[in-house]
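Colleague: Note that the sequence shown ends on residue 130 in this note's numbering; no numbers are left out. Ideal Cβ placement from N, Cα and C applies to all residues, glycine included. Here the structure is a predicted model, which means the values were calculated and not measured. One structure is given below, represented as structure tokens, and several questions about it will come after.
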Amino acid sequence: MDLLKWTDDLSVGNPLIDEDHRNIFDLLERLHQDMSSGQINQETQSIVDALRDYAEAHFSREEEFMRKIAYPHYAVHKAEHDRFVSEVCALQSRVARGARTAQLDIDQFLAGWLREHVLVRDMALASAIRGEGGTAAA
Ligand SMILES: [Fe+2]
């Protein structure tokens, strides 16, 4: 399976959240293609910057949904968001320093992490937003 592609099984059934996830996967795929060249350049920087901005905006939207419905698993869910953002920030500063990253697989790591998060946390959240309880898998 290509970890970097958004796939139908990742649909949480909420069009807004799905659209955000698709865009994040697109950025990860662009990052992967860019980093495959082995060169850190201006383009790499702008993709990582966009990834951080987009991920933060998306996570804020999800967190707002959670607060709105007094979601009982807010803390654990938000902690995962924070972890993703801090990984992206670390990557952002490595790229800013022009580090020829030893972690060319970082994009795969982020995509794998995101996939797992979507399948477990976001699925549960989306079902809670739909009023289906949402406590089972959270
Ligand atoms: Fe989430």
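My understanding is that V40 touches V80, with C-beta atoms under 8 Å, so please give their C-beta distance in whole angstroms.
Modeller: Confirmed, Cβ separation roughly 7 Å.
Colleague: Leaving aside the five residues before and after R44 along the sequence, list all residues of the same chain whose C-beta is less than 8 Å from its C-beta, in chain order.
Modeller: Excluding residues within five positions, the ones whose Cβ falls inside 8 Å are V77, V80, C81 and Q84.
Colleague: Counting only the same chain and skipping the five closest in sequence on each side, list residues whose C-beta sits under 7 Å from that of S28.
Modeller: Closer than 7 Å at Cβ, skipping near neighbours: no residue.
Colleague: If you run the structure through DSSP and keep just helix, strand and coil, what is T131?
Modeller: With the chain covering only -7 through 130, there is no way to say anything about residue 131.
Colleague: Hey, Y46 and L19 are a contact pair by Cβ (cut 8 Å); roughly how many whole angstroms apart?
Modeller: Correct: roughly 6 Å between the Cβ atoms.
Colleague: According to DSSP, simplified to helix, strand and coil, what is Q31?
Modeller: Q31 falls in the coil class under three-state DSSP.
Colleague: What did DSSP end up calling A91 once you bin it into helix, strand or coil?
Modeller: Note: A91 maps to coil in three-state DSSP.
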